[in-house]
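Engineer: Structure incoming, see below.
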Amino acid sequence: MEQLPILIPLPLLAASLVVPLAGLWAPRAVFPISVAAVALSAAMSALALAEVVAGGEALRYTLGGWAPPIGIEYVVDHVAAFVTAVITGVALLVVVAARRAAAREAAGRRGLFYALVLLLLAGLTGMVVTGDLFNVFVFMEISSLAAYALVFRGGRAGMLAAYRYLILGTVGGSFYLLGVAFLYFTTGTLNMTDMARLLGEAEPNISVAAGAAFIFAGLGMKMALVPLHLWLPDAYTFAPSSVNSLIAPIMTKVGAYVMVRMFISVFPEGYLADEVPVSQALIALGLAGSVYGAYAAMGQRDLRRMLAYSSVSQLGLLAVGIGIATPLGLAAALLHVMNHALMKGALFLTAMSMRMGAGVSDVRMLAGLGRRMPATSAVFAVGAVAMVGIPPTAGFFSKWYLSIAAIDEGLWFVLAVVLASSLLSAVYLFRVIERLYLAPAPAIAGGADDAPNAAAPAQDAPARESPLDVTLPMALLALATIVLGVLNVVVMERVLEPGL
Amino acid sequence: MTGESVSSPLPFVAVLVPLAAAAAAPVLGRWPNAREAASIAAALATFGFVAALLPGASDGKAATVSLLELSPGIEVALRADAAGMLFALLASFLWVLAAVYSIGYMRGLEERKQTRFYAAFALSVGAALGVAFAANLLTFVLFYELLTLFTYPLVVHRETPEAVRAGRKYLAYTLTGGLALIGATAWLAMLGVDASFQAGGFLGEQRWWTDGQLWALFFLLAGGVGVKAAVMPLHSWLPAAMVAPTPVSALLHAVAVVKAGVFGMVRVLIFVFGADLLRDMGAWQVIAAASGATLILASFLALRHDNLKRRLAYSTISHLSYIVLGVALLGPLALTGALLHMVGHGVTKITLFFCAGAIHVRTHRDQVSGMAGIGRQMPVTMGAFALAALSMAGIPPFILFTSKWYLGWGAAEVGQQAFLIVYMASGVLSAAYLFPIVIRAFAARSPDFPPFGEADARMVAPIAVVALLGLAWGIAPDLPFGFFELASSVAADAFPSSAPAAEAAP
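Note that the protein sequences, when read in sequence, are chains A and B.
The opening position of the first sequence corresponds to residue 0 in numbering that gives the first Met the number 0, with each subsequent residue numbered one higher.
The opening position of the second sequence corresponds to residue 0 in numbering that gives the first Met the number 0, with each subsequent residue numbered one higher.
Listed below in structure tokens is the structure:
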């Protein structure tokens with residue numbers, strides 16, 4: 000199974016070529032082919048994860064048989080296997096759940112739509128498994144271009160959001176590329192293993208420092224680190240529902256993963272704190288982001304926009320974990336990658352379901368949905384409780400390990416902010432739960448008020464629960480936040496600790 | 000840990016039964032009789048399992064079960080030791096009565112969403128039992144947070160704007176308290192301290208703490224549990240939470256939730272810090288001062304409130320501080336008294352709330368001023384109320400006299416006569432805010448009462464039982480569960496140097 004690393008993105012890439020053709024001749028085959036490709040990729044990721052955990056060794060594959068550092072190397076170690084398994088697993092559930100929404104939103108251009116989804120996922124998994132810094136850029140651009148195109152489908156507002164996303168995303172990508180170029184000047188290599196060796200031997204010089212700064216600025220843009228997050232709220236709000244439930248849980252996480260990769264396999268230990276103040280910047284901006292995001296989320300009327308700001312807040316916590324940069328801090332960050340992907344996946348799917356079933360996405364209009372859409376509302380409640388971090392849900396353990404990592408480094412203010420931010424998230428999430436369960440159902444008929452997105456479909460139609468193919472994947476994600484919370488020690492001890 | 004441990008899954012089973020009952024409630028939701036029968040059956044089964052743990056706990060062979068690792072090196076562990084048994088017995092026993100009472104109450108008022116009510120009720124009891132049996136700090140935090148979560152639907156049950164506001168306040172206070180606990184627990188976990196509760200404390204063994212760190216830890220932990228124990232200034236969620244249906248106020252806000260806070264105070268002060276360390280730090284004085292002030296202030300506030308449930312809420316705040324103060328005095332007699340008071344106040348306050356609920360169902364009156372002459376129409380209910388009021392004031396031979404006797408004696412034992420006076424003064428105040436209700440109920444006449452009579456038998460019977468228990472346990476606190484024996488064995492473990500309180504109740 001030595002080809003396993005490349006077998007993770009390959010089915011997605013291959014299917015993305017097939018699907019547009021299938022869209023022309025056999026539109027009905029588009030969805031099964033896409034799901035099969037994602038499922039295959041998820042199975043390969045699971046296999047790779049099992050292999051890495053059992054063998055304890057990273058899986059390496061050289062493209063075309065050219066030995067590194069000349070050829071491009073694909074490396075799946077504990078961390079990469081974990082992250083691809085999370086991405087493809089969550090993506091599989093979301094793609095299945097979003098079938099109906101996508102059918103409506105992709106109207107007639109289903110082949111193209113799914114080709115973009117598959118390209119997006121191929122790019123994301125490719126970024127994770129590659130061991131080559133330039134190859135990261137290539138995959139990053141593939142996934143980003145696919146994402147711009149998908150967001151673009153979200154109507155007039157979506158176009159503007161996509162344009163903004165495109166500009167800022169391209170700036171981010173260029174920064175990253177520039178940073179890699181600086182490193183290339185000094186070392187003459189693009190292979191991560193090779194780079195790590197050469198950087199370890201090299202004298203610290205301004206070129207490497209500049210490279211690190213550019214790389215992290217670029218990645219910060221990709222992972223929406225405050226104040227580089229400006230593209231995110233609009234992109235997540237105005238993208239089609241089927242798209243934002245896909246990109247919100249996983250897209251920014253891969254940017255974060257590449258950051259972790261920089262810490263563990265590119266730059267020498269301590270370099271990013273002592274020579275270039277990257278760690279300090281990540282902690283400071285992460286804390287600012289976690290508070291700002293939560294604060295901004297409180298003021299949102301649109302459910303998706305609220306969840307988008309909540310992502311800004313949670314990504315801030317993730318950045319703090321990376322910035323702490325101890326094995327425990329990085330493990331906490333990676334655990335949060337998984338936990339947040341599960342929680343946000345579940346929450347964005349409920350937003351999609353509410354939009355489909357009740358035609359609302361304004362928080363004030365959600366009143367009474369607890370009774371009319373019980374499954375969707377229950378998933379929202381579980382996801383929200385997990386976000387707040389009540390034990391034993393997954394969200395608690397993100398907070399828990401992050402706290403321990405912060406205390407370990409003597410960063411008391413980090414502990415205080417981490418705990419306080421979960422209280423802030425309780426404020427905006429319980430506000431929605433109150434609406435769902437405690438407010439009397441309004442006469443929705445007259446509800447075309449100033450809500451920017453108060454949905455196209457029939458306002459006066461009674462809200463109906465979404466069908467099982469929507470609620471089941473959603474419920475699985477919610478269940479996973481509890482099960483993987485209880486079993487977090489397995490993830491930590493078997494997967495993350497050996498990998499860091 | 001002091002005392003032996005015997006491996007047994009029973010503590011876990013006891014926590015699991017209420018959780019299973021909660022899962023059954025929605026399934027049986029369409030058949031109210033089956034749903035409520037299941038609720039009573041679950042309460043009885045839970046009580047049975049808890050009672051089965053009693054012999055082990057009184058012999059010093061606590062049943063212990065470790066479930067799974069929740070964080071590397073820290074397991075979810077349950078242990079039915081003597082202190083945990085006191086709380087678990089109280090909660091599970093009173094759940095049986097509250098389950099019966101709830102039927103009468105909820106049907107009498109034709110409340111909505113009864114299925115959600117029964118499910119959340121059972122979940123809350125399960126979480127409270129988890130708090131009782133938690134063997135280490137992380138397990139404690141786990142159930143403490145779950146208790147907050149599960150009681151939230153009960154606080155907002157009425158779904159009125161007032162209830163929603165109360166729910167927000169409740170979450171704001173208790174989640175903040177929970178975060179303080181989580182911070183402290185994470186700190187200890189980072190240091191690799193085995194945070195298993197240990198009579199006499201485990202922090203004292205670790206001599207490398209600086210004073211500043213100890214105080215920070217103390218404020219995080221004591222503040223975290225102090226919220227649910229409603230020690231002023233962390234108390235204001237409790238009167239607000241009285242918008243919940245009365246069975247909730249009775250079992251949860253007089254027994255399970257607030258006692259989880261008080262019980263947490265016992266765990267933190269006696270089983271985490273330990274008496275020696277707290278005396279060295281002088282930290283006990285902080286708690287003693289706060290709870291002493293709460294005790295008196297809350298009694299005065301109770302006098303001012305005309306709404307019966309609010310008056311009872313302030314009375315609860317006052318009596319919780321009796322217990323907290325007793326623990327903070329750090330003497331074996333005071334601790335025995337505090338634990339007895341925890342049990343005694345549970346059974347007495349549930350009587351008072353049950354009575355308030357019965358009155359509400361029959362007359363829809365909540366104001367004390369509207370209850371003149373009510374004793375003539377509801378003699379059993381108001382008779383029970385009178386018995387409980389006597390007990391609250393600390394009149395012999397009721398249970399709260401016994402506990403207060405030990406509390407006062409304990410204050411004198413550690414040389415804090417000032418607190419003895421506080422206890423006595425507060426007894427007078429308890430009489431002042433409760434006796435007038437009783438006197439007016441029987442002596443005064445109110446012309447505007449239509450004839451209505453006693454409430455449903457499913458409400459009156461539990462009321463009579465709890466009222467008589469308050470009397471019976473006052474005369475013989477060891478019958479049938481050995482509360483006194485359990486309390487004094489906790490005290491003996493916590494203060495091995497002092498002779499255990501040997502005498503039985505006076």
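Ideal Cβ positions, reconstructed from N, Cα and C, are used throughout, including at glycine.
Just so we're clear, the structure is a prediction, and the values are computed from it rather than from any experiment.
For E484(B) and S57(B), what's the separation of their Cα atoms in angstroms?
Structural biologist: Straight-line measurement puts the Cα of S57(B) at about 8 Å from the Cα of E484(B).
Engineer: Under 8 Å, do A500(A) and M355(A) count as touching if we go by C-beta distance?
Structural biologist: Residue coverage of chain A in this structure runs from 0 to 499, which leaves residue 500(A) outside it and unanswerable.
Engineer: Give the residues of chain B in contact with A477(A), contact being defined as C-beta atoms less than 8 Å apart.
Structural biologist: What A477(A) touches in chain B: nothing, since even the nearest Cβ is about 15 Å away.
Engineer: Is the beta carbon of F352(B) closer than 8 Å to that of S248(B)?
Structural biologist: yes
Engineer: Mind checking the segment 187 to 219 of chain A against chain B and listing, in chain order, the residues whose C-beta falls within less than 7 Å of any C-beta there?
Structural biologist: none
Engineer: In this structure, how does DSSP classify S376(A) when only helix, strand and coil are distinguished?
Structural biologist: helix
Engineer: Apply the 10 Å Cβ neighbour rule to H363(B) and answer buried if 16 or more other Cβ atoms are within range, or exposed otherwise.
Structural biologist: exposed
Engineer: Is it true that the segment 64 to 80 of chain B meets the segment 26 to 35 of chain B, where meeting means three or more beta-carbon pairs spaced less than 8 Å apart?
Structural biologist: no
Engineer: Where do the N-terminal and C-terminal ends of the alpha helix (DSSP H) with R78(B) fall, by residue?
Structural biologist: Counting along the chain, R78(B) falls outside any alpha helix (DSSP H), though it belongs to the beta strand (DSSP E) covering 73 to 79.
Engineer: Using the Cα positions of R106(B) and M258(A), report the straight-line distance between them to the nearest angstrom.
Structural biologist: 59 Å
Engineer: Which of helix, strand or coil does DSSP assign to K112(B)?
Structural biologist: coil
Engineer: Which residue's Cα is closest to the Cα of M222(A): T192(A), Y308(A), G153(A)?
Structural biologist: Y308(A)
Engineer: Flag this pair as yes or no: are the beta carbons of T173(B) and V226(B) separated by less than 8 Å?
Structural biologist: yes
Engineer: Considering Cα atoms alone, identify which of L468(B), I394(B), R303(B), F397(B) is closest to R367(B).
Structural biologist: A quick correction: the sequence has Val, not Arg, at residue 367(B). Comparing Cα-Cα distances from V367(B) to each of L468(B), I394(B), R303(B), F397(B), the minimum goes to R303(B).
Engineer: Using only alpha-carbon positions, find the residue among L159(A), V93(A), L422(A), A36(A) that is nearest to A293(A).
Structural biologist: Of L159(A), V93(A), L422(A), A36(A), the residue nearest in Cα terms is L422(A).
Engineer: Identify each residue in the segment 175 to 200 of chain B for which the Cβ-Cβ distance to at least one residue of chain A is less than 9 Å, and report them in chain order.
Structural biologist: T175, G177, L178, A179, I181, G182, T184, A185, W186, A188, M189, L190
Engineer: Using a C-beta cutoff of 8 Å, does S65(B) count as contacting chain A?
Structural biologist: no
Engineer: Does A440(B) come out as helix, strand or coil in the three-state DSSP assignment?
Structural biologist: helix
Engineer: Helix, strand or coil: how does DSSP classify Q212(B) here?
Structural biologist: helix
Engineer: Unbroken alpha helix (DSSP H) runs of length 4 or more, entirely within the segment 159 to 214 of chain B: which are they?
Structural biologist: 160 to 189
Engineer: Three or more beta-carbon pairs under 8 Å between the segment 311 to 319 of chain A and the segment 223 to 235 of chain A, yes or no?
Structural biologist: Yes, the segment 311 to 319 of chain A is in contact with the segment 223 to 235 of chain A.
Engineer: Quick check on the burial criterion: 16 or more other C-beta atoms within 10 angstroms. Buried or exposed for V489(A)?
Structural biologist: exposed
Engineer: What's the call for Q279(A), buried or exposed, on a 16-neighbour Cβ count within 10 Å?
Structural biologist: exposed
Engineer: Using DSSP with H/G/I as helix, E/B as strand and the rest coil, what is E68(B)?
Structural biologist: strand
Engineer: Could you check if D131(A) is buried or exposed, using at least 16 other CB atoms within 10 Å of its CB as the buried criterion?
Structural biologist: buried
Engineer: Which residues, in chain order, does the segment 146 to 173 of chain B contribute to contact with chain A at a C-beta distance below 7 Å?
Structural biologist: L148, V155, E158, V163, L170
Engineer: Quick check on this structure: which residue in G285(A), P239(A), G322(A) has the alpha carbon closest to the alpha carbon of Y270(A)?
Structural biologist: G322(A)
Engineer: Does V362(A) get closer than 8 Å to chain B when you measure Cβ to Cβ?
Structural biologist: no
Engineer: Under a CB-based cut-off of 8 Å, is L428(A) close to chain B?
Structural biologist: Chain B contact via Cβ: absent.
Engineer: The beta strand (DSSP E) spanning T61(A) covers which residue range?
Structural biologist: 58 to 61
Engineer: Classify S4(B) as helix, strand or coil using the three-state DSSP reduction.
Structural biologist: strand
Engineer: Output, in chain order, the set of chain B residues within a Cβ distance shorter than 7 Å of I406(A).
Structural biologist: The answer, in chain order, is A185, W186, M189.
Engineer: Select from E453(B), A228(B), I269(B) the residue whose C-alpha is nearest the C-alpha of A359(B).
Structural biologist: Residue 359(B) is actually His in this sequence, not Ala. Out of E453(B), A228(B), I269(B), E453(B) has the C-alpha closest to the C-alpha of H359(B).
Engineer: Using 8 Å for Cβ pairs, my map puts L399(B) next to T335(B). What's the rounded Cβ distance?
Structural biologist: L399(B) to T335(B), Cβ: 14 Å. No contact.
Engineer: Does any residue of chain A bring its CB to less than 8 Å from the CB of P450(B)?
Structural biologist: no
Engineer: One question on the structure: do A357(B) and M458(B) come within less than 8 Å of each other, judged by their Cβ atoms?
Structural biologist: yes
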